[in-house]
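For reference, the structure discussed in these notes is given below.
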Amino acid sequence: MQRVGLVGLGFIGKAHLEAYHKLLNAEVVAICTRNVDRHKDILSTYTFISDYEELLIRDDIDLVDICLPTYLHEEYIIKAARAKKNIICEKPLSLSVESVRRILDEVEKCGVKLFVGHVLRFWPQYQAIKAYSETETLKDIEIVHAQRLGQPATWSSWFKHPKKSGGALFDLHLHDIDFIYYLLGEVKYVYAQGTQNQYGAWNHIMTTLTFKGGEKAFVEASNRMPPGYPFTMTLRAQTHKNTLDFHLKAGENIESINNSSFVLFENEILTEVPVERVDPFQNELSYFVDCLENDRENKIVPLDDVLYVIRLLEAINLSLETGHEVHI
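Each residue of the sequence shown is one higher than the one before, counting from 3 in this note's numbering.
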């Protein structure tokens, strides 16, 4: 049984908390948040701690799950590693390759495990896309189109600032860049264009990725869609014969994720792809906890992949700033 200290209780923190309710081999022992008054409805169920240092010295916590704003990740991970706690951290791990390397060095030095929440690798439809890519039906993907479109965040202001969130580039674009790399392998070069908000954060981005195998991906991300526009994510993977097409439209965020279409066009026949309705966060946390419980290697989100994706985002950022192709 993994005894969990959950740090942060915003949108993702609550999603993680709900997922832990469904796991048999993990239990949330305490929640660390500075905004206890906002969560009076669950005060009687959990121990609340406002001081992170107090959480880290507890002997009844094995695993720290960090669901905080991105700019706090490095500090909180390093403190947890030095306290000899294993760590789950929401994506993005950090906002630069340099910062990620510092984190990975500290984790290795302290001898603890770190897992990063690249949740699309655990999302049922995306898991199906990955599985199809390893069959004759979709093994020779030539082109991928992906979108991730949302409204500006209304629940907090830190998303607006590039040094705190990385803008839509690190908050949204990362998901599809990561998954397409997982699907197609290493990238040869990127080219991107976009727009920025008043603080300089990239809030609408279109990136073309050319892969070492010759495949191409066209990926769009936005957190500047107008009020009322449903959160949208799509992915279309094409071979010279077949196409797998996933579309999802939710609410303001991902609070309603079952309004989706997932179809395969094969041999001139269109068929619906059946997918079990499973909480992707439960999938993700169950896998991470299982790795700890059974001392198994994390093969789905290895830390080398996490570092490589941040390299890709830095390259995309450079392309946005210069207007040129950037080779990896």
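Each residue gets a CB set at the ideal place from its N, CA and C atoms; glycine is no exception.
Buried or exposed (CB count within 10 angstroms, at least 16 for buried), Arg123: buried
Under 9 Å between C-beta atoms of Ala194 and Gln149: no
Rounded separation between Thr273 and Gly215 - CA only: 29 Å
Cβ-Cβ separation, Leu106 to Leu305 (assumed contact under 8 Å), whole Å: 6 Å
For Val146 and Phe50, the rounded distance between their alpha carbons: 45 Å
C-beta contact flag for Lys132 and Leu185 at 9 Å: yes
Rounded Cβ spacing between Thr236 and Phe248 (contact assumed at less than 8 Å): 6 Å
Span of the beta strand (DSSP E), counted from its first residue to its last, around Gly7: 4-9
Endpoints, beta strand (DSSP E) assigned at Glu92: 88-92
Cut-off 6 Å between Cβ atoms - residues of its own chain near Cys34, not counting five sequence neighbours on either side: Val9, Ile51, Tyr54, Leu57
Residues bridged to Tyr191 (per DSSP): Thr212, His329
Integer Cβ distance of Gly12 from Ser159, believed to fall under 8 Å: 12 Å between Cβ atoms; not a contact.
8 Å CB neighbourhood of His163 in its chain, flanking five on each side removed: Tyr201, Ala203
Of the residues Asp67, Pro232, Val189, Pro228, the one placed nearest Val2, counting alpha carbons only: Limits of the chain in this structure are 3 at one end and 330 at the other, which puts residue 2 out of reach.
Neighbourhood of Asn285 by C-beta, 6 Å cutoff - its chain only, sequence neighbours within 5 removed: Phe124
Asn296 classed as buried or exposed, judged by whether at least 16 other C-beta atoms fall within 10 angstroms: exposed
Which of helix, strand or coil DSSP assigns to Thr72: helix
Extent of the continuous alpha helix (DSSP H) run through Ala130: 126-135
Spatial neighbours of Arg84 in its chain, beta-carbon cut-off 8 Å, leaving aside the 5 residues before and after: Glu108, Cys112
Cβ shell of Asn261 (< 6 Å), same chain only, five flanking positions each side left out: Lys251
Contacting residues, own chain, Cβ-Cβ under 7 Å from Ser288 (five flanking each side not counted): Leu25
Three-state secondary structure (DSSP) of Lys2: With the chain represented from 3 up to 330, any question about residue 2 goes unanswered, as that position is not in the structure.
Span separating the alpha-carbon of Asp61 from that of Leu176: 35 Å
Cβ neighbours of Thr210 in the same chain (closer than 6 Å, five flanking residues each side left out): Tyr193, Phe220
Alpha carbon of Ala170 to alpha carbon of Glu20, nearest angstrom: 26 Å
Own chain residues within Cβ distance below 6 Å of Val102, not counting five before or after: Leu95, Ser96, Leu309, Ile312
Range of the contiguous alpha helix (DSSP H) that encloses Gln284: 282-295
Cβ shell of Lys141 (< 8 Å), same chain only, five flanking positions each side left out: Ser135, Thr241
The beta strand (DSSP E) enclosing Ile145, as first and last residue numbers: 145-151
Gly168 to Asn37 span [Cα, whole Å]: 24 Å
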